[in-house]
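Just below is one structure, and these are the notes that go with it.
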Amino acid sequence: MAENEKLECLKKLQEVLQEKFALEQQVESLPKELRKEEAVLRNVEKELEDLQQTASQTADEVKSLSIRYEDAFQTRTGYEKQMEFLNTQREYEALSKQLEEARANEETLLKQRNSRTKESEKLKKDLEEKEAAVAEQRAKVEEERAKVDSKLSGINEKIAALDQSCLEIKGSMISDELYDKFSNIVRKKGGVGVVPVHGQVCMGCDMVLPVQFVIDLRMKQEHNEIDYCPYCSRIIWYEELDPETEKSYIFEQLESKGTGSESKASAASAESQQDTDSYDESMGMDGGFEDF
Ligand SMILES: [Zn+2]
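Sequential numbering of the sequence shown, starting at 259, is according to the working numbering.
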């Protein structure tokens, strides 16, 4: 069989494309760690913001309570002074009651002020710790970002080099259209876009191809043409096997006979049901490709 140069070209392209797509996947997953650290940073920044707000509110409350306590203190001492200048029992009783209330008020405010002051001091300490945590996390994000940037530029250089190799391999043998289609197939079919046919079976999807289809495929192959598997859309090529091995891949399509062949065929169709691969009418048998 004359060598199909187009096919050989596609096989070489596939190797380079596999490498390229693996690198592209790395590019996508690389910033994952960075995104995680950035999310952590956003959380601690939010916590810091909330804490700053609470701390400032508490400080205001301390200030206001201090003023009110100071007033209450003045009121109480004022009443105490007035006590010295009372004339009647009635005046004494009235002032005593006011003094008692003033004392209670002063005591309550003192307690509130002290408790708020304690809280405020604790918040100041928490704030310092949170500010340190934010600074630490910012540094972590910066470090991770620098790491990602340098790795990315390295990978992107490699990808550009692989693109260049693809262009060189493709030359004028593969049209731009076929190259784009093929790239898409390789990408969507897990890195395998060109597969052999053994006997009647596509090695990409294990589906059994019609006898005439395989005969046509072999003809095309002789004439430097290519064809696609009607089930999995991969580019296929007929691979000659030794006759004994080949027998296990031959099935008569129209009349189901043979026991061994039946089990293989049903296993193949069972697999095709799990797979998303299915016959695509729009593709036809002549490679009129709509999907890729
Ligand atoms: Zn297939």
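Note that the Cβ used here is the ideal one computed from N, Cα and C, for glycine as well.
Note that this is a predicted model, so its numbers are computed, not measured.
- In the assembly as shown, Ile-443 is a buried residue. Its beta-carbon has 16 or more other beta-carbons within 10 Å.
- For Tyr-496, the enclosing beta strand (DSSP E) begins and ends at 493-496.
- A straight line joining the alpha-carbon of Met-461 with that of Val-455 spans about 6 Å.
- When rounded, the separation of the alpha-carbon atoms in Glu-377 and Glu-296 is 31 Å.
- Screening all residues for a C-beta within a distance smaller than 6 Å of any heavy atom in ligand 1 leaves Cys-460, Gly-462, Cys-463, Met-465, Cys-487, Tyr-489, Cys-490, Arg-492, in chain order.
- For the pair Glu-307 and Ala-313, the Cα-to-Cα distance works out to about 10 Å.
- When the Cα atoms are used, Ala-418 and Glu-266 turn out to be separated by approximately 23 Å.
- In this model, Ala-280 and Val-452 are separated by some 17 Å (Cα to Cα).
- One Cα belongs to Val-472, the other to Asp-464, and the distance between them is close to 14 Å.
- With contacts defined as CB atoms closer than 9 Å, Glu-291 and Glu-402 qualify as a contacting pair.
- As summarised for the segment 375-418, there are no continuous alpha helix (DSSP H) elements at least 4 residues long confined to that stretch.
- With contacts defined as CB atoms closer than 9 Å, Lys-269 and Ile-484 fail to qualify as a contacting pair.
- Of Asp-407, Ser-411, Asn-301, Pro-289, the smallest CA-CA separation from Arg-396 is found for Asn-301.
- Tyr-507 carries a coil assignment under DSSP once its states are collapsed to helix, strand and coil.
- Approximately 4 Å separates the beta-carbon atoms of Leu-367 and Tyr-327; this is inside 8 Å, confirming the contact.
- Closest by C-alpha distance to Ile-493, out of Asp-421, His-481, Lys-439, is Lys-439.
- His-456 is bridged by DSSP to Val-459.
- For Tyr-486, the three-state secondary structure derived from DSSP is strand.
- With fewer than 16 other beta carbons inside 10 angstroms of its own, Gln-283 counts as exposed.
- Within the model, the alpha-carbon separation for Leu-499 versus Ser-433 is close to 30 Å.
- Taking 9 Å as the cut-off, the Cβ atoms of Ala-391 and Asn-363 do not count as close.
- Excluding its 5 nearest sequence neighbours in each direction, Arg-476 has C-beta neighbours in its own chain below 6 Å: Tyr-496, listed in chain order.
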